[in-house]
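In our numbering, the protein residues as written are -15 to 187.
Quick reminder that beta carbons are idealized off the backbone N, C-alpha and C, glycines included.
It should be emphasised that the depicted structure is a prediction, and the values quoted were computed from it without experimental measurement.
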């Protein structure tokens, strides 16, 4: 069994995130993906609370059969700060010794060689990486080589799409200005507006 873990700020989750999850399922032949909003993102301070961000995730992925909507599991994963910790939590949840894949953006992969708790690649299946910004496959390989130099040589699959470059900050601004937004699922937009998550008074 192959399990994908896709952790992020998701503030809010948008069409790029959803397309990445769908393509990752295909390219890595994943049986299940757990998408989890991080409690305390390493590089970003979220605007919306964890409960709201996770609720938007569940709405955005309700028609994707391979996405695991186990709230308790997501909540436990959201508290973890290292790959080793996430692998430990996943091993308790999936008791049949699954192959774990991590879904990350290339901006995250760029810094992975500096991560605390980076673990031996033999402990997981690999990474599915979404190219972002002006990153190319050759650039990604150069970042991968930094991991190899640390004695870690994970397998990775590449996903490339214009939708993976959608900006959550611009979406928040558009919602706050009451402008139209066509880059996130309607049920997510409706939820964000109904709860006034990105209204100017909350930013």
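Helix, strand or coil at residue i [DSSP, three-state]
i, result
"residue 4", "helix"
"residue -10", "strand"
"residue 85", "strand"
"residue 40", "helix"
"residue 177", "helix"
"residue 94", "coil"
"residue 17", "strand"
"residue 110", "strand"
"residue 103", "coil"
"residue 51", "strand"
"residue -1", "helix"
"residue 141", "strand"
"residue 29", "coil"
"residue 65", "coil"
Residue i vs residue j beta-carbon contact at 7 angstroms
i, j, result
"residue 90", "residue 115", "yes"
"residue 52", "residue 16", "yes"
"residue -5", "residue 30", "yes"
"residue 175", "residue 40", "yes"
"residue -13", "residue 78", "yes"
"residue 159", "residue 0", "no"
"residue 168", "residue -2", "yes"
Local Cβ density within 10 Å of residue i, reported as buried at 16 or more and exposed below that
i, result
"residue 178", "exposed"
"residue 2", "buried"
"residue 72", "exposed"
"residue 94", "buried"
"residue 121", "exposed"
"residue 187", "Its pLDDT being 45, under 50, residue 187 is placed unreliably in this model, and the value from its coordinates should be taken loosely. Under this definition residue 187 is an exposed residue."
"residue 152", "buried"
The ligand MN heavy atom lying under 6 angstroms from the CB of residue i
i, result
"residue 177", "Among the components modelled here there is no ligand, and therefore nothing to report on the ligand MN."
Integer Cβ distance of residue i from residue j, believed to fall under 8 angstroms
i, j, result
"residue 62", "residue 21", "6 angstroms"
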